[in-house]
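Just below is one structure, and these are the notes that go with it.
Chains as they are written, first to last, in this note's numbering: chain A, 635 to 1274; chain W, 635 to 1274.
Okay, here's the thing in structure tokens:
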């Protein structure tokens, strides 16, 4: 079987034996992700459509179709991509649920998009029309190929869920245009914002069209040779045009660009059997995770270029950790997992899902964080409801942004969540993420159907009941997260300890057979590597896969958040969906007035008053009760 | 006497009894500042001229004069201001030394500038000409009034040193144009980049023309009311258009803008007798210094907007601390000192002079730092010699920048250094900065002339010999820096301890009388306020007014800079121009591969091997030996 040719709802399917689970193979029954998916279905999809209609981003296609492009055009030069990401989300949504509104909305949008396509397949509402800049005049900042990449990903979602339709045809014509325009005989250029690479590679897979993969390969190979005109005040590393992909040590520059590029490069490496390129990407992942990644899984330490910083540059307050970078990181990790089967990729996906992806949307599914810092100094509410906002840096979620990449990216990610929750490889089903529901996957030998019952991540018990099984031996592989020291697995053979990694059971399962995985999700202290200067002497509290945080709403008035000290001798204990720790304040004498805040005496340890119990909440629901000052890392008191 | 009407070489002269010392009243005889001033004279002035000729920034005036403005124009929209800052530097240089080259170069530049001025006084090479955008079409980003402000400051330098000439006439016509165009009946706008305010106020003082001060007042009063169109992704605080000047708590947004605005506002407050406005600016200074200022005196914690961050947001690695912000900070502190006579303003000036202003230029006077961070993680040399560079963030000084505000700003600051080194008030001479040379100032009662002999800041002894004195009682007031606990003063009455603040001697001085101030300039540890998260658990070493730093060039191979620990029980001792401290490395076990850099065990204190002696160098000469990894703040080892 070549799962690359299936039309199952499956975002990425390399031509290998390991494949992700299809959307219709895992039906969620509520729980953490089922809840988020329901809000996405009911609110976020419509919210994104409403905002793009209101701002005129969808109408840009109508104007391009009518040749009426001479006047001012609403939106940034990359606003088409937001419409495409919504179309992708609608395709997954319809594929997963059969939702008629999603299908109809998609078809209406695709009609408008198709009408704007030029005869030669070029499709962009910002360039090439009457009164507009010419096509591809500004590869550094024009984002035309970036937009096309998102169109192709949307078409992949459609091809996988509904089959070839008008959207797929539009995308095919656009991809053919790119292959002609940027092929061996065409422009030897690349796009400042990678995305066309992953789009072409996925589309090539979905349609079984190697020309698209070859063109993706060309874009990968051309990159890193300094051909892009620099953007003001930034160097080529901003868009990864400084070092060829295969030669780089770590990801750098603009995080979303770096990660989209890496995702496309993994696809190309796998599809062309390039072990050297794949190895380079594995090393880049490891180096980046080990030195340039936050406790939340967030990536991007700098606001200036929305970029990675240097090794160990992980400031909590100015962490950028863009929601889209979390999504893009998971795209890369997922591809590397499929390519290698190594569990650490799934570990990082879980960390990022709970603490970046889930942290962005508000409960209503109509407000979002763009940046996800680990410290908020002040609770200033800088967000104007019902208006376009900059980036919501003030600690309150915003309904829409000036550059609004995150809401539609979340919509497509949540609509296809289960696609990365498990994988199938021959006679083996690997469960990567735990959520209540039913899984039914085709293995070699027949279908294996499981019922998963769990209150994870708040509780650590995952019950798995076999509903249907082949008559032959199959393997059920359960991921034990890297933090889960002390886990245990109970099956027909009794209860046994399992370490982080895989807990595997190989058997001829009978319907009704049950397994129970127990993960130690109690709260725990976590310390940073000593080379991370920005959080020296601090400790964080995690609970299972959840990073927790202190919000000033939960602090007594005499416990100002900037003076917190946590007593690390007293273990944190679970309470509600968070934890309770012992904290106190410490107050140094103020420096003399009119002087810089440095003085001739050491910082003391300890505290001013006996510590008391204070509640921490999961990071992903910070600012749910309004703007708050917030800290993930709490200074520890080494001496009392 | 109203020193506002003097034509002495005196940058700022409020209509109060306290005035700065004029350039020709303090002749430096080498020393730290005499050396920098000599390099500025010999190299930096010519360097700036050469680069602006090479890049076509000066020729923009010729093209504007010829009406040949249709084609591409070199430089940013604010490049005229660099030419004006060089003209200002040349004016001070000629005024201070009589240098003929400086005078001739100035006159040639002024002829070219004057030729570009429109009949109605408007003068800008980027707007209003054939094929250009119209005048004042973009107040947020156009920088036209900003450029005019620098023209006015240049004219002030000329008026104070040479008297009214062609430059002053050009400036007068430009100022009159601004008053008409933006007066009560004109455009009710402000410039996105403050500078016109301080330019108009200074020029009004220099020429005794209250209309200019009134127009400056209008710009101050209009600000903070949200009239500027926001710049993409930034809010009104970026250019201080969020809160009226008199209502603000602290400086915020773009640091140079905030500080130029504050400088102009102090001038306006003093010249219009507005105690409320002056009080607000004093409070803003105090709040900003106490919570938003680095150990070096540097201001600006963020790269994204070149701006202040929030209180206690003082990351050493991503400190921006733009050279121009240091210069602008001193402009504000100097004005507040003149207005109030309070010593802490002069303390901050010294800190900023030695550790920001002096840190920018290389020994050759032809390379500069734009940003002055307190930590450099890697020694990557990203600077291309003989090319325009972005901002020299890689730890090596660059000859010129894309936005090249700092070199010309340094040139004008160094050319007029002594103007802020002392002040005169009635019968009192206050010495604020210590440098070898001769001072001769006119006091009430007659001239007081002093010979200062000192190797400050490396040695703490300042000998002052009276060369000439009035027959009446006068006061000599010596600044004892805020860090100088244990200082002593010896005069005819013997030796006595003096505390930080003022050490004053009031007497009828005889020629030949001598005083000796002893300042404790030995190296010392300095700890940050505990609320500065980014340097928790760290210590810095200062030596007199100098902040020191560790460069990896001075570290043994087994002492990697990211793992340094300093033994704070052993006092640092002076060596060369730096200090020696005891340091060792500490190595935690590495976290498992493929995981984020956080783990389930506390950071240890202490070190792996016995500490040894390691040399620190003055921060201002970092990277003089080539690119280096560098730290000002060193983690302390609390336990051995």
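C-beta: ideal position from N, C-alpha, C; glycine also.
**Study point:** Short CB-CB distance (under 8 Å) between residue 927 of chain A and chain B
**Key:** The structure shown has no chain B; the protein chains it does contain are A and W.
Exercise for review: Please list the residues of the region 1214-1238 of chain W that have a C-beta atom closer than 9 Å to any C-beta atom in chain A, keeping them in chain order.
Suggested key: With the criterion set as a beta carbon lying under 9 Å from some beta carbon of chain A, the members of the region 1214-1238 of chain W are 1220, 1221, 1222, 1224, 1225, 1226, 1227, 1228, 1229, 1230, 1231, 1232, 1233, 1234, 1235, 1236, 1237, 1238, in sequence order.
Check your understanding: Quick one: Cα of residue 1130 of chain A to Cα of residue 1124 of chain A, how far?
Key -> The sequence position of residue 1130 of chain A within the first chain is 496, counting from 1. The sequence position of residue 1124 of chain A within the first chain is 490, counting from 1. In a straight line, the C-alpha of residue 1130 of chain A is about 6 Å away from that of residue 1124 of chain A.
Exercise for review: Using a cut-off of 8 Å between C-beta atoms, extract the partners of residue 937 of chain W located in chain A.
Suggested key: By one-based count along the second chain, residue 937 of chain W stands at place 303. Per Cβ cutoff of 8 Å: 936, 937, 938.
Exercise for review: Give the DSSP-derived three-state secondary structure of residue 671 of chain A in the structure shown.
Suggested key: What you label residue 671 of chain A is simply residue 37 of the first chain in a count that begins at 1. Helix.
Practice item. For the region 783-803 of chain A, enumerate the residues whose C-beta is nearer than 8 Å to any C-beta of chain W, in chain order. Key: From the region 783-803 of chain A, no residue has a Cβ closer than 8 Å to chain W.
Check your understanding: Excluding five sequence neighbours on each side, which residues of the same chain lie with their C-beta closer than 7 Å to the C-beta of residue 1132 of chain A?
Key -> The residue given as residue 1132 of chain A occupies position 498 in the first chain. For residue 1132 of chain A, where only same-chain residues beyond five positions count, the Cβ hits under 7 Å are 1114, 1121, 1122, 1123.
Practice item. Identify every residue that forms a DSSP beta bridge with residue 758 of chain A. Key: Residue mapping note: residue 758 of chain A aligns to position 124 of the first chain, counting from 1. Answer is none; residue 758 of chain A lacks a bridge partner.
Review point. Nearest chain W C-beta to residue 1116 of chain A closer than 8 Å, yes or no?
Key: To locate residue 1116 of chain A, count along the first chain from 1; it is residue 482. So, interface residue.
**Study point:** The alpha helix (DSSP H) enclosing residue 1157 of chain A, as first and last residue numbers
**Key:** As a first step, residue 1157 of chain A must be located in the first chain, where it is residue number 523. Taken as a continuous stretch (DSSP letters only), residue 1157 of chain A belongs to no alpha helix (DSSP H), being part of the beta strand (DSSP E) at 1157-1162.
**Study point:** Nearest-angstrom beta carbon gap, residue 1252 of chain W and residue 1182 of chain W [assumed within contact, 8 Å]
**Key:** On the second chain, residue 1182 of chain W is found 548 positions in, with the first residue counted as 1. On the second chain, residue 1252 of chain W is found 618 positions in, with the first residue counted as 1. Confirmed, about 6 Å.
Review point. For the alpha helix (DSSP H) that residue 813 of chain W lies in, which residues bound it at each end?
Key: For the purposes of this step, residue 813 of chain W is identified with residue 179 of the second chain, where counting begins at 1. It spans 800-816 - the alpha helix (DSSP H) in which residue 813 of chain W sits, taken as one unbroken run.
Check your understanding: Where does residue 695 of chain A sit, in a helix, a strand or coil, going by DSSP?
Key -> Reading the first chain from its first residue, position 61 is the one you call residue 695 of chain A. Reduced to three states, the DSSP call for residue 695 of chain A is helix.
Exercise for review: Please report how far the alpha carbon of residue 898 of chain A lies from the alpha carbon of residue 999 of chain A, in whole angstroms.
Suggested key: Here residue 898 of chain A refers to the residue found at position 264 of the first chain. Here residue 999 of chain A refers to the residue found at position 365 of the first chain. Cα-Cα distance, rounded: 29 Å.
Exercise for review: Check the Cβ-Cβ distances between residue 931 of chain W and every residue of chain A, and say whether any is below 8 Å.
Suggested key: Working through the second chain from its first residue, we reach residue 931 of chain W at position 297. Under the Cβ criterion of 8 Å, residue 931 of chain W is counted among the residues facing chain A.
Point to revise | Per DSSP, cross-strand counterpart(s) of residue 1057 of chain W | key: Taking the first residue of the second chain as 1, we reach residue 1057 of chain W at position 423. In the DSSP secondary-structure assignment, residue 1057 of chain W is bridged to W/654, W/1064.
Exercise for review: At 8 Å on the CB atoms, spell out the chain W contacts of residue 1160 of chain A, in chain order.
Suggested key: For the purposes of this step, residue 1160 of chain A is identified with residue 526 of the first chain, where counting begins at 1. Neighbours of residue 1160 of chain A on chain W, chain order: 1232, 1233, 1234.
Check your understanding: Taking the C-alpha atoms as reference points, what is the distance between residue 682 of chain A and residue 946 of chain W?
Key -> Residue mapping note: residue 682 of chain A aligns to position 48 of the first chain, counting from 1. Residue mapping note: residue 946 of chain W aligns to position 312 of the second chain, counting from 1. Their Cα atoms are separated by approximately 37 Å.
Check your understanding: Which term fits residue 1119 of chain W, buried or exposed, when burial requires 16 or more other beta carbons within 10 angstroms of its beta carbon?
Key -> As a first step, residue 1119 of chain W is located in the second chain; it is residue number 485 there, counting from the start. Residue 1119 of chain W comes out exposed.
Practice item. Return the chain-ordered ranges of every beta strand (DSSP E) run that is complete within the region 1225-1271 of chain A and spans a minimum of 3 residues. Key: 1246-1252
Review point. If you count every other CB in all the chains shown that lies within 10 Å of the CB of residue 1221 of chain A, and 16 or more means buried, which is it?
Key: As a first step, residue 1221 of chain A is located in the first chain; it is residue number 587 there, counting from the start. Here residue 1221 of chain A is exposed, its C-beta having fewer than 16 other C-beta atoms within 10 Å.
Review point. Anyone know if the C-beta pair for residue 1337 of chain A and residue 1231 of chain W falls short of 8 Å?
Key: Because chain A here runs from 635 to 1274, residue 1337 of chain A falls outside it and cannot be looked at.
Check your understanding: What are the start and end residues of the beta strand (DSSP E) that includes residue 747 of chain W?
Key -> Here residue 747 of chain W refers to the residue found at position 113 of the second chain. Note, residue 747 of chain W: premise wrong, no beta strand (DSSP E); alpha helix (DSSP H) at 734-749.
Exercise for review: Use the C-beta contact count for residue 1216 of chain A: other C-beta atoms within 10 angstroms, 16 or more gives buried, fewer gives exposed.
Suggested key: Here the question's residue 1216 of chain A lines up with position 582 in the first chain. Residue 1216 of chain A comes out buried.
Exercise for review: Mark residue 638 of chain A as exposed unless 16 or more other C-beta atoms lie within 10 angstroms of its C-beta, in which case mark it buried.
Suggested key: Residue mapping note: residue 638 of chain A aligns to position 4 of the first chain, counting from 1. Here the model assigns residue 638 of chain A a pLDDT of 39, short of 50, so the residue's position is not dependable, and the following value carries that caveat. So residue 638 of chain A counts as buried.
Point to revise | Selected residue, minimal CA-CA separation from residue 717 of chain A, among A/865, A/741, A/969 | key: As a working note, residue 717 of chain A is residue 83 in the first chain. Out of A/865, A/741, A/969, the CA that lies nearest to the CA of residue 717 of chain A is found in A/741.
Check your understanding: Is residue 1269 of chain W close to chain A, meaning its C-beta is less than 8 Å from at least one C-beta of that chain?
Key -> Counting from one through the second chain, the residue named residue 1269 of chain W turns up at place 635. Yes, residue 1269 of chain W lies at the interface with chain A (some Cβ there is under 8 Å from its Cβ).
Check your understanding: Mind checking if residue 1166 of chain W is an interface residue toward chain A, Cβ cutoff 8 Å exclusive?
Key -> Numbered from its first residue, the second chain carries residue 1166 of chain W at position 532. Flagged as an interface residue toward chain A: residue 1166 of chain W, by a C-beta distance shorter than 8 Å.
Practice item. Note the first and the last residue of the continuous alpha helix (DSSP H) segment covering residue 961 of chain A. Key: Counting from one through the first chain, the residue named residue 961 of chain A turns up at place 327. Run containing residue 961 of chain A: 957-974, per the alpha helix (DSSP H) assignment.
Exercise for review: Taking residue 1052 of chain W as the reference, give the member of W/747, W/1067, W/1192 with the closest Cα.
Suggested key: Residue numbering aside, residue 1052 of chain W sits at position 418 when the second chain is read from its first letter. Measuring from the Cα of residue 1052 of chain W, the nearest candidate turns out to be W/1067.
Exercise for review: Could you give the DSSP three-state label for residue 1009 of chain A: helix, strand or coil?
Suggested key: The sequence position of residue 1009 of chain A within the first chain is 375, counting from 1. Three-state DSSP puts residue 1009 of chain A in a strand.
Check your understanding: Three-state secondary structure (DSSP) at residue 1034 of chain W?
Key -> Counting from 1 along the second chain, the entry for residue 1034 of chain W is found at position 400. Looking at residue 1034 of chain W - three-state DSSP - the assignment turns out to be strand.
Practice item. Would you identify the three-state DSSP class for residue 781 of chain W, choosing helix, strand or coil? Key: Mapped onto the second chain, residue 781 of chain W falls at position 147. Of the three classes helix, strand and coil, the one that applies to residue 781 of chain W here is helix, per DSSP.
Review point. Can you name, in chain order, every residue of its own chain whose Cβ lies under 7 Å from the Cβ of residue 1004 of chain A, other than the five neighbours on each side?
Key: Residue 1004 of chain A sits at position 370 when you count from the first residue of the first chain. Taken in chain order, the residues that qualify are 956, 957, 1025, 1026, 1035, 1040.
Check your understanding: Mind pulling the chain W residues with CB within less than 9 Å of residue 1201 of chain A?
Key -> The sequence position of residue 1201 of chain A within the first chain is 567, counting from 1. For the C-beta of residue 1201 of chain A, not a single chain W residue is nearer than 9 Å; the gap to the nearest is close to 13 Å.
Review point. What residues from chain A crowd round residue 924 of chain W, counting only those whose CB sits closer than 8 Å?
Key: Within the second chain, numbered from 1, the residue matching residue 924 of chain W stands at position 290. Per Cβ cutoff of 8 Å: 1225, 1227, 1228, 1229, 1230, 1231.
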